[in-house]
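Student: First the structure, which I've put down as structure tokens, then a few questions once you've had a look.
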Amino acid sequence: MDIKKFREAGYAAIDKICDYYGSLETKPVIAQVEPGWLSKALPTEAPQKGEPFERVEEDFQKLILPGITHWQHPSFFAYFPSPVTFEGILGDLYSSSLSNPGFNWICSPACTELESVVMDWAAKLFGLQEEFHVASGKGGGVIMSTASEAALTALVAARSRFQTKYPDVPLEKLVIYGTTQTHIMGKKAAAILGLQFRPLKVIKGDNYSLRGKVLKKALEEDQRKGLKPFGLIATIGTTSSGAIDNVEEIGQILRDYPDIWLHVDAAWAGVVLSCPEYRDVAQLPAINKYATSFCTNFHKWGLVNFDASTLWVRERTDLTNALDLTPEYLRTKHGDSGAVIDYRNWQLPLGRKFRALKIWFVLRGFGVEGFQAHIRKGIKLAQLFADHLQLPSNVSPRFELVTPVSFSLVVFRLLPPGDRSEMATEEINELNKAYFARLSARSDSIFLVQTLLDDIFCIRFAVGAERTGPEHIGGAWKIIKEEAEGALEEWSKSTAKARL
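Counting with full-length UniProt numbering, you get residues 1 to 500 for the letters of the sequence shown.
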């Protein structure tokens with residue numbers, strides 16, 4: 001493909017992308033295909049000779065798009081949002097056109113320096129104190145692929161820091177703490193590192209938040225066993241319940257355990273820190289006071305297309321001491337002098353994408369006010385949905401908020417009629433599993449996912465797509481109410497039959 005053909009294909013691709021977003025609301029939310037459909041439709045080998053790009057693009061429209069679940073659909077309420085903006089798409093396009101691995105400053109100075117600037121912009125947007133800023137010369141931020149990579153990187157640095165101080169402590173004594181609500185990446189990081197992961201039990205009475213007393217008890221127990229906790233993952237906005245760990249209480253306890261690295265994972269909810277009115281709820285004062293590292297994803301609720309996860313550390317040498325391995329062929333006079341950042345020494349892989357470009361495009365295109373407006377809209381729409389659920393007790397169907405609304409996440413379940421005190425949890429769970437199956441059958445119109453909290457089967461409703469508005473919340477509520485009525489009717493028939 002030469003420049004002329006690329007120009008023509010590029011114009012056509014932009015037109016197709018615009019057509020896609022213009023018709024997005026008319027598409028089924030979830031891909032309506034069966035496993036293995038694509039392998040049956042495609043040849044078993046690559047073509048021997050190149051094909052006209054028009055044919056490739058035609059097959060994209062015909063074969064690939066039908067197998068796409070549309071995360072940008074305004075009725076996508078599953079998992080967490082992953083918005084795409086045209087600013088981000090263009091940033092990704094320019095980044096791809098410049099393709100370079102960015103492992104040191106000289107690879108392309110703009111890649112490194114824009115990342116440092118953008119990470120300080122974001123730190124100020126979220127209210128992180130100056131110690132976390134690149135400009136401080138002490139800490140700083142780096143863009144990674146996912147929050148899982150950020151947590152693993154933080155734990156690698158935490159282990160290195162601990163082992164440097166205590167070289168005689170065997171690895172089998174090292175323990176990573178999380179909670180029973182911590183994302184699975186905590187357990188996976190421990191498995192990768194060959195270490196123990198201890199999930200601390202959090203309870204509904206604390207809204208599934210890790211409290212200081214629970215942490216203190218665990219630390220004292222492990223101390224008696226001769227174990228050495230060296231890292232703790234606290235979460236702001238857990239996946240199942242939106243729980244917010246009490247970082248202030250955690251930090252106070254960790255004052256007596258200064259060797260423990262406190263990593264705050266705010267992958268989904270961290271972007272609410274852009275709105276000053278939510279900073280206390282999202283624990284910003286305590287994060288600034290106690291966190292060793294902090295992570296949030298722009299690619300979840302932050303208007304930047306996947307992938308763009310941001311990690312800040314209080315002390316950058318914690319990363320470089322663990323990860324700076326520089327062979328002769330990677331040495332440069334700029335790096336040797338300490339005049340520049342070589343971001344490869346802040347991460348696990350060698351190479352890296354120019355992700356800063358798309359964050360820069362989005363922040364410039366939306367501005368702080370536009371970014372804040374997007375976050376506030378998501379929170380407002382989630383509350384609107386929660387208001388629909390909170391029907392008077394004498395109205396059917398009845399719903400229960402299983403947890404308090406957490407920013408833009410609502411976790412709920414359907415309640416059976418009558419007195420629930422004599423009903424087993426499993427009986428109510430069976431009703432909700434049947435109800436969720438009915439909702440899942442409406443995948444052309446809505447997409448939700450289930451979760452389990454203290455053996456309670458419940459349903460998550462996460463708002464955050466850029467194109468979602470009040471009308472889509474109303475449409476979702478109509479489906480949710482209709483299917484609840486149908487589930488209750490079936491449940492009543494089956495329970496009546498069981499009594500005969």
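For each residue, glycine too, the CB sits at the ideal point set by N, CA and C.
For Gly270 and Asn100, I'd like the C-alpha separation in whole angstroms.
Tutor: In a straight line, the C-alpha of Gly270 is about 29 angstroms away from that of Asn100.
Student: Once you ignore the five residues that flank Ser309 on each side, which residues in its own chain have a CB closer than 8 angstroms to its CB?
Tutor: So the list reads Ile143, Met144, Ser145, Thr146, Ala147, Glu149, Ala150, Ala267, Cys295, Thr296, Asn297, Phe298, His299, once near-sequence residues are dropped.
Student: Using DSSP's beta-bridge definition, name the partner residues of Arg198.
Tutor: Tyr177, per the DSSP bridge assignment.
Student: Distance, Cα to Cα, Thr292 vs Pro392?
Tutor: Roughly 46 angstroms separates the two Cα atoms.
Student: Assign Gly469 to one of three DSSP states: helix, strand, or coil.
Tutor: The answer is coil: DSSP assigns Gly469 none of H, G, I, E or B.
Student: May I ask you to report which of helix, strand or coil DSSP gives Gly73?
Tutor: It should be pointed out that residue 73 corresponds to His in this sequence rather than to Gly. Reduced to three states, the DSSP call for His73 is coil.
Student: Under 8 angstroms Cβ to Cβ from Thr182, same chain only, skipping five residues before and after it: list those, please.
Tutor: Excluding positions up to five away in sequence, the list reads Pro199, Ile233, Thr235, Thr238, Asp265.
Student: From which residue to which residue does the beta strand (DSSP E) around Gly222 run?
Tutor: Here residue 222 is Asp; the residue named in the question, Gly, does not match the sequence. Note, Asp222: premise wrong, no beta strand (DSSP E); alpha helix (DSSP H) at 212-225.
Student: What residues in its chain sit with their C-beta under 6 angstroms from that of Leu180, if we drop five residues either side in the sequence?
Tutor: Correcting the residue identity first, residue 180 is Thr in this sequence and not Leu. Contacts found: Pro199, Lys201, Val202.
Student: Got a sec? Which residues, its chain only, sit under 8 angstroms from Val33 by beta carbon, not counting five neighbours each side?
Tutor: Hits under 8 angstroms: Pro66, Gly67.
Student: Across the region 44-51 and the region 6-24, are there enough close Cβ pairs to call them in contact, namely three or more that are closer than 8 angstroms?
Tutor: No, they do not touch.
Student: Along the beta strand (DSSP E) that carries Phe364, what are the first and last residues, could you check?
Tutor: The question names Phe, yet the displayed sequence has Arg at residue 364. Here Arg364 belongs to no beta strand (DSSP E); instead the alpha helix (DSSP H) covers 356-389.
Student: Whose C-beta lies closer than 7 angstroms to the C-beta of Ser160 among residues of the same chain, with five residues either side of it excluded?
Tutor: Around Ser160: Asn321, Ala322.
Student: Classify Met423: buried if its beta carbon has 16 or more other beta carbons within 10 angstroms, exposed otherwise.
Tutor: It counts as exposed.
Student: CA-CA distance, Phe436 and Glu483?
Tutor: One C-alpha to the other measures close to 9 angstroms.
Student: Exposed or buried, which one is Ala12 when buried takes at least 16 other CB atoms within 10 Å?
Tutor: Exposed: under 16 other Cβ atoms inside 10 Å.
Student: Considering only DSSP beta bridges, list what Pro229 is partnered with.
Tutor: Its beta-bridge partners are Val175.
Student: Go through its chain and collect everything with a Cβ distance to Asp454's Cβ below 7 angstroms, but skip five positions before and after it.
Tutor: Excluding positions up to five away in sequence, the list reads Lys204.
Student: Can you tell which of Glu427, Glu471, Gly475, Ser440 has its C-alpha closest to the C-alpha of Phe457?
Tutor: Nearest option by C-alpha distance: Glu427.
Student: Which class does Trp346 belong to by DSSP, given the choice of helix, strand or coil?
Tutor: Three-state DSSP puts Trp346 in a helix.
Student: At the level of alpha carbons, what is the spacing between Arg314 and Phe132?
Tutor: Their backbone Cα atoms lie some 5 angstroms apart in a straight line.
Student: Among Asn429, Leu448, Pro416, which has the Cα closest to the Cα of Glu485?
Tutor: Of Asn429, Leu448, Pro416, the residue nearest in Cα terms is Pro416.
Student: Closest to Trp477 by C-alpha separation, out of Leu452, Phe447, Trp491, would be which residue?
Tutor: Answer by Cα proximity: Phe447.
Student: Measure how close the beta-carbons of Asp259 and Ala157 come, nearest whole angstrom, since I'm counting them as under 8 angstroms.
Tutor: With 8 angstroms as the limit, Asp259 and Ala157 do not qualify as a contact, their Cβ atoms being about 13 angstroms apart.
Student: How would you write the range of the alpha helix (DSSP H) that Cys18 sits in, first residue to last?
Tutor: Unbroken alpha helix (DSSP H) run through Cys18: 3-22.
Student: Skipping 5 residues on each side, what residues in its chain have a beta carbon closer than 8 angstroms to that of Ile473?
Tutor: So the list reads Leu381, Leu384, Phe385, His388, Val463, once near-sequence residues are dropped.
Student: How many Å lie between Ser116 and Glu58 at the Cα?
Tutor: Whole-angstrom Cα-Cα distance: 40 angstroms.
Student: On the DSSP bridge list, what partners appear for Phe294?
Tutor: Bridge partners of Phe294: Val264, Trp312.
Student: Where do the N-terminal and C-terminal ends of the alpha helix (DSSP H) with Glu427 fall, by residue?
Tutor: From DSSP, the alpha helix (DSSP H) with Glu427 extends over 425-440.
Student: Since Gly251 and Lys289 are thought to touch, with beta carbons under 8 angstroms apart, how far apart are those beta carbons, to the nearest angstrom?
Tutor: Confirmed, Cβ separation roughly 6 angstroms.
Student: Residues in its own chain within less than 8 angstroms of Leu24 by CB, not counting five upstream and five downstream?
Tutor: His70, Gln72, His73, Pro74, Arg467.
Student: Taking the alpha helix (DSSP H) that Ala122 belongs to, which residues open and close that run?
Tutor: Residues 109-126.
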